[in-house]
Amino acid sequence: MTRFWRVGHRWLGVLAAVVLMSSAITGWLMLHETWLQGRDLSQVAADPKEAAHLLAAGPQGFWRSTDSGAHWADVTMPVPTTDVTALTAGAPGFAVAFRDFGVWRSTDGYIWDRVADVPDGERIKGVSFLGNDLVYLTDAALIVGSVRHDQDRSWLRRIHEWHTGWALGRTGTLIVEAGAIAMILLTISGMVLFIRTRVRRRPNRPAPMRQPPVERPVEAATSIN
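Note that the numbering used here has the sequence shown beginning at 2, numbered continuously upward.
Written out as structure tokens, the structure is:
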């Protein structure tokens, strides 16, 4: 049983190392770390017709990228672009909601038209396209259609491309983080066992040759009359 555990642990560690290296741990790269300082990003949307066209928003502003996030510029609109509460993209284009300036819609991300005002005493929490129609969710009601919104509780950090599923709240986040740590520890310990085994199989000096046993002559038995 001990030998089976050592062999299995060693090769599972090697397999985990290959998976982590192939997916670069999370599959994401940090771009413009200094640009993010002092900014909170709460919304990101990608144009389904052009993957390199991105919109990102947060309490401090509203930005556009046309090269997959390598460079960003401010989105120009007739109203202040702060306090974005919802952002979405679909086949008809983009839609964004502001805390005080209602819901706006655009077909290209450059020219925007107001399509709804903020109801008195309410806050728009989500927007989505339902076919060619735009639906949005407020604190009090769902307008026109249905939108799933759970205040980002169903987001998971992807550890690799095979990691999918949903979890709720802090419990799900802790489970995902614990799984990531366990996978990394398995990789390290498995690689250590693999290297130690290889070193033991290749000693510095060859083992002494075993000599064949020496055959002793058989003495003839003498009979006593």
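From the three backbone atoms N, C-alpha and C, an ideal C-beta is built for every residue, glycine too.
On a predicted model such as this, the values are computed, not experimentally measured, just so you know.
{"Asked": "My output table needs one value for F195: the three-state DSSP class, helix, strand or coil.", "Found": "helix"}
{"Asked": "Roughly how many whole angstroms lie between the Cα atoms of V119 and A46?", "Found": "21 Å"}
{"Asked": "S107 lies in the beta strand (DSSP E); which residues open and close that run?", "Found": "103-107"}
{"Asked": "Between the C-alpha atoms of P60 and I185, what's the straight-line distance to the nearest angstrom?", "Found": "35 Å"}
{"Asked": "The beta strand (DSSP E) with K126 in it runs from where to where?", "Found": "125-131"}
{"Asked": "Would you mind working out which of L88, A92, D134 sits nearest K1, comparing C-alpha positions?", "Found": "Here the chain comprises residues numbered 2 to 226, so residue 1 is not present and cannot be evaluated."}
{"Asked": "Between H54 and the rest of its own chain, which residues show a CB-CB distance below 6 Å, the 5 nearest in sequence each way excluded?", "Found": "D48, T67"}
{"Asked": "Per DSSP, which one or two residues make a beta bridge with R100?", "Found": "The partner list for R100 (beta bridge, DSSP) is empty, contrary to what the question assumes."}
{"Asked": "Indicate the three-state DSSP secondary structure (helix, strand or coil) for L135 in the structure shown.", "Found": "strand"}
{"Asked": "Find out if the Cβ-Cβ distance for the pair W64, A74 is shorter than 8 Å.", "Found": "yes"}
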